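Q:
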Amino acid sequence: AIYSAAHIQSRCLAEIASEQERPVTQGGLLQKHLRWAKRMAADAVPVACANAGVALQDVEFFVVCTTTGFLAPGLSAHCAQSLGLSPHIQRVDIVGMGCHAGLNTMCTAAHWAEANPGSIALMLCMEVVSAGYMWDAGVPD
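Final position of the sequence shown in the UniProt record's numbering is 141; the numbers increase by one with none missing.
Dropping the structure here:
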């Protein structure tokens, strides 16, 4: 059932060509992760909220998980700002837990929603795995 409802329409790799033009640094990889995470959040979150009949301005709690980017401030702060969420929103970042992070993110959102009846919680699971790849045309393996 989970495989038939995945709704994955396409896959892509983040900015491979640009890495062949300049040296790759850890800072550059983190910036690439942030750029693509914000872009994917901007594509997905408004649609998910609209499908749920929820306005972005009504979200009061935002929990984000990722394993592919270690940012400070966390990805929730960056995405909340770029999505135009309230600056007073409560945020949680769940980072570095691997595949189990999605379940912990869902539990965190559910517990907050249970403690705050009638309030809106939003969860975002964001992985930009290819943002961490270091491409080298000279080493095809």
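From the three backbone atoms N, C-alpha and C, an ideal C-beta is built for every residue, glycine too.
Since the model is a prediction, treat every value here as computed from it, not as a measurement.
#1: Establish whether the CB of Val47 and some CB of chain D are separated by less than 8 Å.
#2: Do Leu83 and Val45 come within 8 Å of each other at the CB atom, strictly closer than that value?
#3: Once DSSP output is grouped into helix, strand and coil, what is the label at Cys12?
#4: Consult DSSP for Val128 and reduce its assignment to one of helix, strand or coil.
#5: Secondary structure at Met40, three-state DSSP: helix, strand or coil?
#6: Would you call the stretch 70-86 in contact with the stretch 98-115, where contact means no fewer than 3 C-beta pairs closer than 8 Å?
#7: Hey, is the stretch 84-100 in contact with the stretch 44-64, meaning 3+ C-beta pairs nearer than 8 Å?
A: Taking the structure as given:
#1: Considering every chain present, this structure includes no chain D. It has just one protein chain.
#2: Between Val45 and Leu83, the gap from beta carbon to beta carbon is short of 8 Å.
#3: coil
#4: It is coil, neither helix nor strand.
#5: helix
#6: no
#7: yes
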